[in-house]
Amino acid sequence: MRDKALFLGDCALLHLFEFNGARIALDVNSGTVHLLDEVAWELLSDYGRLSEEDLIGKYGTKYGTGQIMEALAEIRELKEKGLLFAPDPGYEGYDAPGGAVKALCLNLAHSCNLRCRYCFAGGGRFGGNDELMPAETGRKAVDFLIARSGGRRRLEIDFFGGEPLLNFQALKEVVGYGLTRGREEGKEFSFTVTTNAVLLDRDVICYLKENGISVVLSLDGRREIHDAMRPFPGGRGSYDAVLSGIRSYMDSRCASPPQPGASYSYIRGTYTRRNLEFCADVLHLAGLGFKDISLEPVIAPAEADYSIREGDLPLLFAQYERLALELLRRRKEGEPLNFFHFNIDLDGGPCLPKRLSGCGAGHEYMAVAPNGDLYPCHQFVGREGYLMGNIRDGFVDENIVALFRRAHVYNKEGCPGCWAKFYCSGGCHANAEMYNGSILKPQGWGCELIKKRLECAIYLKAAEHQGKSV
0 MRDKALFLGD
10 CALLHLFEFN
20 GARIALDVNS
30 GTVHLLDEVA
40 WELLSDYGRL
50 SEEDLIGKYG
60 TKYGTGQIME
70 ALAEIRELKE
80 KGLLFAPDPG
90 YEGYDAPGGA
100 VKALCLNLAH
110 SCNLRCRYCF
120 AGGGRFGGND
130 ELMPAETGRK
140 AVDFLIARSG
150 GRRRLEIDFF
160 GGEPLLNFQA
170 LKEVVGYGLT
180 RGREEGKEFS
190 FTVTTNAVLL
200 DRDVICYLKE
210 NGISVVLSLD
220 GRREIHDAMR
230 PFPGGRGSYD
240 AVLSGIRSYM
250 DSRCASPPQP
260 GASYSYIRGT
270 YTRRNLEFCA
280 DVLHLAGLGF
290 KDISLEPVIA
300 PAEADYSIRE
310 GDLPLLFAQY
320 ERLALELLRR
330 RKEGEPLNFF
340 HFNIDLDGGP
350 CLPKRLSGCG
360 AGHEYMAVAP
370 NGDLYPCHQF
380 VGREGYLMGN
390 IRDGFVDENI
400 VALFRRAHVY
410 NKEGCPGCWA
420 KFYCSGGCHA
430 NAEMYNGSIL
440 KPQGWGCELI
450 KKRLECAIYL
460 KAAEHQGKSV
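As structure tokens, then:
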């Protein structure tokens, strides 16, 4: 694969790359994608560095002067329409909307029934002792969210841990209270739980399904990969127990019909340096019958033996390319597979705050520890300097809120000139802080993986538009 970016000053205006024989251009500021023939590829590679007269002189003999002049006329027309070399939209002075919180992550349990080696929460305890969130704290979190939501009607609560189903009774009480308070206040709540699936018995499954609660199910892929990184205490592998719980969830038919709404479920795994050929794990999960899959690179201290290294990137790039071609093949054969990181909307896309600020951690989205402490997101829980307040008194440190509101792509190191900025939104704040000590300095190799995934996603969209392999 070849790729390049054309710049004006410090800002990328056009990203050119080749994938599986297709020549593709992404106009950075308009978001327009162009499939190019050989002539257009050559011209755009030099456009802006050479005058049109020089371009004709350079390529006229090879392609014919008439063809070059025709292609240049098309480039000029696309520029005039704002579809090529579109100017920067000028968001440098942008400040993310403030004052309204749309979502909370409730850490129902700082405890876990597994001992995953790569757990950023230190076995689910986040550096402390085993602790479960009292239902009363969860209810106060609902009241806090409503009070801070402003004019937002749709609100979200994510249940996290540790393993949140260790505190299933509190989960039920929070859901019931949230639905009641939502009706009273004209708010519409949606709920999601992230679980390792070990505790998914019929009662739990039917409650989740009957109440329209979305479920993220953790499974890393092949048995040997999963068991090596996600054992029970004592070291026994959890693959069989996890897969049994997931299958029970997928196959269960409960007495009451599911609540109407946009609930979802998908498999979410992690790959590490132990399985850099992670495409095999995605395909393993697909072979088990799962169609909605996310597999994320591990975030871990550099000294960990399973941590991703920069030198691993070429192999990881090849894995994403292989996976993209496999997804395309399956789509053509009527067996679609949804891989989370290849989902991209090239037509409308997310709103401006989402494109520039990403998840909204620290100002639109916050996490609540079992004792009620507030943090910018679940990955910041327990990190020194990021305690924002406590749910019990409603106090929030507005200095931390302001810091995260300013953490958008025009304020992050290296982001303003990057071709991917309107899609990655500057990457994960928590990962940046872990690797570089600042939420304003993105994680280096993480950025490269994001850009590779975007190229794969753009290629798949282009192939879909063509209705065949491009």
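Reading the sequence shown from the start, the letters are residues 0 to 469 in numbering that gives the first Met the number 0.
Beta carbons: idealized from backbone N, C-alpha and C, even for Gly.
Quick caveat: nothing in here was measured; it's all calculated off a predicted structure.
So, helix, strand or coil for residue 12, using DSSP? Three-state DSSP puts residue 12 in a strand.
Could you check where the alpha helix (DSSP H) with residue 153 kicks off and where it finishes? Per DSSP, residue 153 belongs to no alpha helix (DSSP H); it is in the beta strand (DSSP E), 153-159.
Can residue 216 and residue 248 be called in contact, C-beta distance under 8 Å? Closer than 8 Å, so yes.
Excluding the five sequence neighbours on either side, which residues of its own chain have a C-beta within less than 8 Å of the C-beta of residue 56, listed in chain order? Result list for residue 56: empty, nothing under 8 Å.
Can you check which of these residues, 321, 277, 240, 220, is closest to residue 288 by C-alpha distance? Nearest option by C-alpha distance: 220.
Whole alpha helix (DSSP H) runs in the stretch 236-293 with 4 or more residues, listed along the chain? DSSP runs (the alpha helix (DSSP H)) wholly in the stretch 236-293: 238-250, 278-286.
Report back the beta-carbon spacing between residue 108 and residue 160 to the nearest angstrom; my notes put them in contact at under 8 Å. Residue 108 to residue 160, Cβ: 4 Å. Contact.
Identified DSSP bridge partners for residue 109: In the DSSP output, where bridge partners are listed per residue, residue 109 has 130.
Given this structure, state the Cα-to-Cα distance separating residue 551 from residue 14, to the nearest angstrom. Since the first and last residues shown for the chain are 0 and 469, residue 551 lies out of range.
Using a Cβ-Cβ cut-off of 8 Å, state whether residue 76 counts as contacting chain D. Among the chains of the structure shown, chain D does not appear; only one protein chain is present.
Which same chain residues, not among the five before or five after residue 464, have their C-beta less than 7 Å away from its C-beta? Closer than 7 Å at Cβ, skipping near neighbours: no residue.
Nearest-angstrom Cα separation, counted from residue 427 out to residue 167: A straight-line Cα-Cα distance of about 29 Å links residue 167 and residue 427.
Would residue 377 and residue 118 be called neighbours here (beta carbons separated by less than 8 Å)? Not closer than 8 Å, so no.
Alpha carbon to alpha carbon, how far is residue 361 from residue 331? Distance between the alpha carbons of residue 361 and residue 331 is about 42 Å.
Look at the alpha carbon of residue 358 and the alpha carbon of residue 400, and state the distance between them as a whole number of angstroms. Going by the C-alpha atoms only, they are around 14 Å apart.
Enclosing alpha helix (DSSP H) for residue 193 [first to last residue]: It is not in any alpha helix (DSSP H) - residue 193 instead sits in the beta strand (DSSP E) that spans 187-194.
Rounded separation between residue 373 and residue 381 - CA only: Residue 373 and residue 381 have their C-alpha atoms some 10 Å from each other.
Taking only three categories from DSSP, how would you classify residue 428? Residue state, collapsed to three classes: helix.
Rounded to the nearest angstrom, what separates residue 136 and residue 178 at their Cα positions? Distance between the alpha carbons of residue 136 and residue 178 is about 16 Å.
Cβ-heavy atom distance, residue 327 to the ligand ATP, below 7 Å: As presented, the structure is devoid of all ligands, the ligand ATP included, so that no description of it is given.
Whole angstroms is fine: what's the gap from residue 411's alpha carbon to residue 432's? Between the C-alpha atoms of residue 411 and residue 432 there is a straight-line separation of about 12 Å.
Quick check: what's the CA-CA separation for residue 457 versus residue 66? If I take the Cα positions, the gap works out to 28 Å.
Rounded to whole angstroms, what is the Cα-Cα separation between residue 338 and residue 290? One C-alpha to the other measures close to 8 Å.
Per DSSP, what kind of secondary structure is residue 23 in: helix, strand or coil? Residue 23 falls in the strand class under three-state DSSP.
Using the DSSP secondary-structure output, state which residues sit across from residue 389 in a beta bridge. Residue pairing by DSSP places residue 389 opposite 372, 394 in a beta bridge.
Please name the residue, chosen from 265, 38, 316, 43, that lies closest to residue 471 on a Cα-to-Cα basis. Outside the modelled stretch of the chain, which goes from 0 to 469, sits residue 471, for which no answer is possible.
With distances taken between CB atoms, is the gap from residue 298 to residue 266 smaller than 8 Å? The criterion of a C-beta distance shorter than 8 Å is not satisfied by residue 298 and residue 266.
According to DSSP, residues forming a beta bridge with residue 297: BP columns for residue 297 are empty, so no partner.
Using the Cα positions of residue 415 and residue 189, report the straight-line distance between them to the nearest angstrom. Their backbone Cα atoms lie some 34 Å apart in a straight line.
Decide if residue 394 is buried, meaning its Cβ has at least 16 other Cβ atoms within 10 Å, or exposed. Of the other Cβ atoms in all chains shown, fewer than 16 fall within 10 Å of the Cβ of residue 394; this residue is therefore exposed.
Could you tell me the boundaries of the beta strand (DSSP E) in which residue 33 lies? Its beta strand (DSSP E) spans residues 32-35.
Rounded C-alpha distance that separates residue 370 from residue 389: The straight-line gap from Cα to Cα measures roughly 8 Å.
Beta carbon of residue 312, beta carbon of residue 418: below 8 Å? Cβ distance not < 8 Å, so residue 312 and residue 418 don't count as in contact.
Taking the C-alpha atoms as reference points, what is the distance between residue 149 and residue 363? Going from the Cα of residue 149 to the Cα of residue 363 covers about 11 Å.
Separation of residue 327 from residue 334, as counted between CA atoms: Between residue 334 and residue 327, the alpha-carbon positions lie close to 10 Å from each other.
Per DSSP, which residues does residue 364 bridge with? Please list them. Per DSSP, 102, 360.
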